[in-house]
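Enquirer: Quick one: this structure, given as structure tokens, is what I'll be asking you about.
Protein chains: 2
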Amino acid sequence: MKKIGVALLGLGTVGGGTYRILVNNGKNIAERDGVQIDIRHIIELDVNKAVALGADLSVVSQNINDVINDPDTQIVAEFFGGIEPARTFLIKCLLAGKSIVTANKELFSKYWPELEAAAKKGKAGLYFEASCVGGVPIIRTLTQSMQGNNILSLKGIVNGTTNYILSEMSDEGLDYSDVLKEAQRLGYAEANPTADVDGFDSMYKLSILSSLAFHKKVPISQIYREGISNINKLDIEFGKKFGYTLKLLAIAKQNNGKIEARVHPAFIPSDHPLASVKGSFNAVFIQGDNVGDIMLYGRGAGALPTGSAIVSDIVFAAKQTRHQYTSFRNVDSVKSSDFNKNFLCHYYIRMNVKDETGVLAKIAAAFAKHNVSIDMMQQIGCDGGATIIFLTHETPENNLNSAISSINKLPCLNSVDAIIRVEK
Amino acid sequence: MKKIGVALLGLGTVGGGTYRILVNNGKNIAERDGVQIDIRHIIELDVNKAVALGADLSVVSQNINDVINDPDTQIVAEFFGGIEPARTFLIKCLLAGKSIVTANKELFSKYWPELEAAAKKGKAGLYFEASCVGGVPIIRTLTQSMQGNNILSLKGIVNGTTNYILSEMSDEGLDYSDVLKEAQRLGYAEANPTADVDGFDSMYKLSILSSLAFHKKVPISQIYREGISNINKLDIEFGKKFGYTLKLLAIAKQNNGKIEARVHPAFIPSDHPLASVKGSFNAVFIQGDNVGDIMLYGRGAGALPTGSAIVSDIVFAAKQTRHQYTSFRNVDSVKSSDFNKNFLCHYYIRMNVKDETGVLAKIAAAFAKHNVSIDMMQQIGCDGGATIIFLTHETPENNLNSAISSINKLPCLNSVDAIIRVEK
């Protein structure tokens, strides 16, 4: 039986969930995995949280040095979130030879190379399954199951709040603002929902997942980010008619040595496996050159699902005699030119035009002038202007932007109301 | 850089795929994972296969002792399939301290405890990701990501041939026999399709997956097996109308200390993630007590997807200083009474009855007499008899069988034409 001393930094939602799993399933873990987990420290300012969990108060303290100076604590699980004091504490732990297990996506997406350097120096491990997609083992899969592959792309629904909102808008035909209010009331969205609805949360996760997938650091500065707060239920309805479902997608691709990484609303075919990912569920779709397409799906958040990922990392880390690192190929030399920003997509465009003859010809000419090929056009209604929807063939985004600029100058145009990328 | 000597036993579809991945991605694997893989032996009777792959013929032989007696071969990947000579060869390799990596589900489902005993004795590793669901990392997930959970159930579409057939019957409205012929022509089904269409392949895989999930041996003798060869396209159509999709499911559950394991056609709600698994794709849906529902999806077979799983296991094995074993709780004491055979399901029943008054009352009375509660009844058509479809509430299968026996004795019954379980 291997005995492992563990410290929990923070007893919030995920920390509390982790504590409950370690207590309730500790005996099973010892029997099945041969690892006896001993919670030696809980660092938590609010002792009431420990009381509420029925935790042993003698291990609760507010001093990180209690952890760092304890030779019998080998693994530190961090639940503070945010940058400080997590970054400072974790680097001290790593340099002291203590492996860390974390759900902290913001810290990881911004400070991964620094954390990895400290880990290598302290010969400690760095585990972060819980930072992306709750208990769904996407990190373990990318590190322990894709060794025979070059990952070509990954596409994910990685934020439960936005997926819940878009699912409700689609299923119930409601406006964004009404669904957001309801989501906040139900606890699916924060009082300040920016991190989720503006795509920041998805962006941090994409930085982590794509860096791991491509073995090259993909900093958040190189990730295009667009949230869902401008989504109109009309477009969700039109999309449905054309066989598409709207999702907030996190997408990363690698070809010709360049990486493309973006978070934005996107239409996907309604029979694509990602389209069936509803409510607060998440999924990541990976394309490997040998394994082909695989998808991992499950709850992206929550005390117990995320706690499950933390406990999995604790047990996994406990069994390693030598920890593995990501070893980015480009950690000292990330250049903007390594990243492609001229995305190649299909586009859905909804515009309102004057109800005159010759309008379509002028708009079609503007598209053609910029080499944007039209797949489909549909006119919808005609109240004080005609609404037209275009679906383009695959086109470089620079071309699409130039075409839209030209179209915006046409006297016959009232407004371009929506441009949504389509991922087939 | 860790140097690992590998032997490939067999160069069929998966062996050939593995060889190609090791050659094409060997440099990447060395750079990313620090493992240099050296193919020291290829055991293959047909040298032409090696020639076709451009393999180094100096490593090709027909004598397993070349492998066993080579101290520089640490990992043996087996592609023979079937029981012998694979079982004899692999036990020799394990006792000689060589880890094995295999796709051999039949061998594993029948001889796992014996293989594990030899592995422990030789201090060697036993890896079998490729035995289930191609390159989809279901084994790695069950062993390395679910440590914080008790697995409550798993449900899978684990056979590509049958999923292809049922998808085509559903999408194209075709008869089973026509689709089977087409599947054979396209290479999706074997000339003798029994192993797939009669559920044997799914049964072997369920034995492996459920044994791993529950840490208890689930022998194939305890698995209920029913294939798809009696499926009528009528029932697929009716099911669709009621919001259900028909799949061949492999299901295992654990409660009250008893395990239930079964392979059979089943209706699932058409908006369930498993319903979107089409063609030759596979998926496994796991329910853990903490992680909740997760699903893994991808190609269940093929040279490169399965080769990807083999290579992943080779690299994973290469990095272990101490291999882990499943350590079944019940390996010496599997009893029939540990397994529940009185499944609790919803049922779809299609019957043909005489077109008389009072028929429904008599049939309803027969159901009621055996405590089978009816959720829905629909009469369809009336040519020389009326077709009636029943959907029941959840009921023990013994009750359902007793009710059907009673109904079969009713003079007003012409025939009970289909009974299909419904998994909600």
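Same order as they appear, the protein sequences are chains P and R. Note that the first sequence covers residues 1 to 424 in my numbering. Note that the second sequence covers residues 1001 to 1424 in my numbering. We treat Cβ as the ideally placed atom computed from N, Cα and C, and that holds for glycine. Since we're looking at a predicted model, the values are computed, not measured.
1) Do we get a CB-CB distance below 8 Å when we pair ASP1271 (chain R) with the residues of chain P?
2) For a contact defined as C-beta to C-beta under 8 Å, what are the partners of LEU296 (chain P) on chain R?
3) Closer than 8 Å, CB to CB, is GLY1005 (chain R) near chain P or not?
4) Pick out whichever of R:ILE1294, R:VAL1422, R:VAL1035, R:ASP1355 has its Cα sitting closest to the Cα of VAL1263 (chain R).
5) Using the DSSP secondary-structure output, state which residues sit across from ASN1069 (chain R) in a beta bridge.
6) Mark VAL51 (chain P) as exposed unless 16 or more other C-beta atoms lie within 10 angstroms of its C-beta, in which case mark it buried.
7) If you measure between the beta carbons of SER1415 (chain R) and MET1351 (chain R), is that distance less than 8 Å?
8) To the nearest angstrom, report how far apart ARG1299 (chain R) and ASP289 (chain P) are at their CA atoms.
9) Please name the residues in the segment 1007–1038 of chain R whose beta-carbon is closer than 7 Å to at least one beta-carbon of chain P, in chain order.
10) Would PHE1128 (chain R) and PHE1108 (chain R) qualify as a contact pair, given that the criterion is a beta-carbon distance under 8 Å?
11) Quick one: Cα of ASN340 (chain P) to Cα of SER405 (chain P), how far?
12) From LYS1098 (chain R) to TYR1019 (chain R), what does the alpha carbon distance come to, in whole angstroms?
13) Please name the residue in R:ALA1317, R:ILE1294, R:GLN1379, R:ASN1371 whose C-alpha comes closest to that of ASN1398 (chain R).
14) Provide the residue span of the beta strand (DSSP E) that contains ILE1389 (chain R), from first to last.
15) Using 10 angstroms around the beta-carbon of TYR1325 (chain R), count the other beta-carbons present and answer buried if the total reaches 16, otherwise exposed.
16) Using DSSP bridges, identify the partner residues of LYS1155 (chain R).
17) In chain R, which residues lie less than 7 Å from SER308 (chain P) when you measure between Cβ atoms?
18) Can you find a C-beta in chain P that's less than 8 Å from the C-beta of HIS1215 (chain R)?
19) Who are the Cβ neighbours of LEU1426 (chain R) in its own chain at under 6 Å, not counting the five residues just before and after it?
20) Quick check on THR162 (chain P): buried or exposed, where buried means 16 or more other Cβ atoms within 10 Å of its Cβ?
21) Can you name the residues of chain R whose CB is closer than 7 Å to the CB of ARG350 (chain P)?
22) Would the beta-carbon of VAL311 (chain P) fall within 8 Å of that of GLN1147 (chain R)?
23) Mapping DSSP to helix, strand and coil, what is GLN379 (chain P)?
24) Mind reading off the beta-carbon distance from ASN159 (chain P) to ASP196 (chain P)? Whole number of angstroms is fine, and I expect it under 8 Å.
25) Would you call the segment 1342–1358 of chain R and the segment 1384–1393 of chain R in contact, with 3 or more CB pairs under 8 Å?
26) So, does the CB of GLY1257 (chain R) fall closer than 8 Å to a CB anywhere in chain P?
27) Ignoring anything shorter than 4 residues, give me the alpha helix (DSSP H) runs that lie fully in the segment 1098–1164 of chain R, in order along the chain.
28) Could one say the Cβ of SER1153 (chain R) lies closer than 8 Å to chain P's Cβ atoms, at least one of them?
29) Using a Cβ-Cβ distance under 8 Å, would GLN1254 (chain R) count as near chain P?
30) Classify HIS1393 (chain R) as buried or exposed, calling it buried when 16 or more other Cβ atoms lie within 10 Å of its own Cβ.
31) Mark LEU1344 (chain R) as exposed unless 16 or more other C-beta atoms lie within 10 angstroms of its C-beta, in which case mark it buried.
32) Take the Cβ of LEU209 (chain P) as the centre, count every other Cβ of all protein chains shown within 10 Å, and call the residue buried at 16 or more, exposed below.
33) Suppose contacts are defined by Cβ-Cβ distances below 8 Å. Is LYS1121 (chain R) in contact with LEU1095 (chain R) by that definition?
34) I need the DSSP call for ARG1299 (chain R), collapsed to helix, strand or coil.
35) Excluding the 5 residues flanking GLY34 (chain P) on each side, which residues of the same chain have their C-beta closer than 7 Å to its C-beta?
36) Give me the subset of the segment 77–104 of chain P whose CB atoms are less than 9 Å from a CB atom of chain R, sorted by chain position.
Expert: Reading from the atomic positions:
1) Residue 1271 (chain R) sits at position 271 when you count from the first residue of the second sequence. Yes, contact with chain P.
2) Taking the first residue of the first sequence as position 1, residue 296 (chain P) is located at position 296. Under the 8 Å cutoff, chain R gives ILE1294, MET1295, LEU1296, TYR1297.
3) For the purposes of this step, residue 1005 (chain R) is identified with residue 5 of the second sequence, where counting begins at 1. Not an interface residue.
4) Start at 1 with the first residue of the second sequence, and residue 1263 (chain R) comes out as number 263. Among R:ILE1294, R:VAL1422, R:VAL1035, R:ASP1355, the Cα nearest to that of VAL1263 (chain R) is on R:VAL1422.
5) Indexing the second sequence from 1 puts residue 1069 (chain R) at position 69. Bridge partners of ASN1069 (chain R): none, in fact.
6) As a working mapping, residue 51 (chain P) is identified with position 51 in the first sequence. Under this definition VAL51 (chain P) is an exposed residue.
7) Residue 1415 (chain R) sits at position 415 when you count from the first residue of the second sequence. Residue 1351 (chain R) sits at position 351 when you count from the first residue of the second sequence. Cβ distance < 8 Å, so SER1415 (chain R) and MET1351 (chain R) count as in contact.
8) Residue mapping note: residue 1299 (chain R) aligns to position 299 of the second sequence, counting from 1. Residue mapping note: residue 289 (chain P) aligns to position 289 of the first sequence, counting from 1. Roughly 13 Å between the two C-alpha positions.
9) ILE1021, ASN1025, ASN1028, ILE1029, ARG1032, ASP1033
10) Here the question's residue 1128 (chain R) lines up with position 128 in the second sequence. Here the question's residue 1108 (chain R) lines up with position 108 in the second sequence. Yes, these two residues count as a Cβ contact at 8 Å.
11) As a working mapping, residue 340 (chain P) is identified with position 340 in the first sequence. As a working mapping, residue 405 (chain P) is identified with position 405 in the first sequence. Whole-angstrom Cα-Cα distance: 21 Å.
12) The residue labelled residue 1098 (chain R) in the question sits at position 98 within the second sequence. The residue labelled residue 1019 (chain R) in the question sits at position 19 within the second sequence. Rounded to whole angstroms, LYS1098 (chain R) to TYR1019 (chain R) spans 19 Å at the Cα level.
13) For the purposes of this step, residue 1398 (chain R) is taken as the residue at position 398 of the second sequence. The residue with the shortest Cα to Cα distance from ASN1398 (chain R) is R:ASN1371.
14) Start at 1 with the first residue of the second sequence, and residue 1389 (chain R) comes out as number 389. 1386–1392 is the span of the beta strand (DSSP E), which, as asked, contains ILE1389 (chain R).
15) Position 325 of the second sequence, counting from 1, holds the residue named residue 1325 (chain R). TYR1325 (chain R) is exposed by the Cβ-count criterion.
16) For the purposes of this step, residue 1155 (chain R) is taken as residue 155 along the second sequence, with counting starting at 1. Note: LYS1155 (chain R) sits in a beta bridge opposite R:ILE1251, R:PHE1285.
17) Along the first sequence, read from residue 1 onward, the residue named residue 308 (chain P) stands at position 308. Neighbours of SER308 (chain P) on chain R, chain order: GLY1148, ASN1149, GLY1288, ASN1290, VAL1291.
18) Within the second sequence, residue 1215 (chain R) is the residue found at index 215, counting from 1. So yes, HIS1215 (chain R) belongs to the interface.
19) As displayed, chain R neither begins before 1001 nor continues past 1424, which places residue 1426 (chain R) out of reach and without an answer.
20) What you label residue 162 (chain P) is simply residue 162 of the first sequence in a count that begins at 1. That one is buried.
21) As a working note, residue 350 (chain P) is residue 350 in the first sequence. Per Cβ cutoff of 7 Å: no residues; ARG350 (chain P) is ~27 Å from chain R at best.
22) By 1-based counting over the first sequence, the position of residue 311 (chain P) is 311. By 1-based counting over the second sequence, the position of residue 1147 (chain R) is 147. Result yes, Cβ atoms of VAL311 (chain P) and GLN1147 (chain R) sit closer than 8 Å.
23) Within the first sequence, residue 379 (chain P) is the residue found at index 379, counting from 1. The answer is strand: DSSP assigns GLN379 (chain P) an E or B state.
24) Your numbering for residue 159 (chain P) matches position 159 in the first sequence. Your numbering for residue 196 (chain P) matches position 196 in the first sequence. 5 Å between Cβ atoms; contact.
25) yes
26) Residue numbering aside, residue 1257 (chain R) sits at position 257 when the second sequence is read from its first letter. Chain P, which has no Cβ nearer than 8 Å to the Cβ of GLY1257 (chain R), makes this no.
27) 1105–1122, 1138–1144
28) Position 153 of the second sequence holds residue 1153 (chain R). By this cut-off, SER1153 (chain R) is not an interface position.
29) The sequence position of residue 1254 (chain R) within the second sequence is 254, counting from 1. Judged by the 8 Å Cβ criterion, GLN1254 (chain R) is not in contact with chain P.
30) Looking up residue 1393 (chain R) in the second sequence gives position 393. Exposed.
31) Start at 1 with the first residue of the second sequence, and residue 1344 (chain R) comes out as number 344. LEU1344 (chain R) comes out exposed.
32) Here residue 209 (chain P) is taken as the residue at index 209 of the first sequence, counted from 1. Per the 10 Å Cβ criterion, buried.
33) On the second sequence, position 121 is the one that residue 1121 (chain R) refers to. On the second sequence, position 95 is the one that residue 1095 (chain R) refers to. Yes, the pair counts as a contact, with Cβ atoms nearer than the cut-off.
34) The count along the second sequence starts at 1 and reaches residue 1299 (chain R) at position 299. Strand.
35) Within the first sequence, the letter at position 34 stands for residue 34 (chain P). Taken in chain order, the residues that qualify are MET1, LYS2.
36) none
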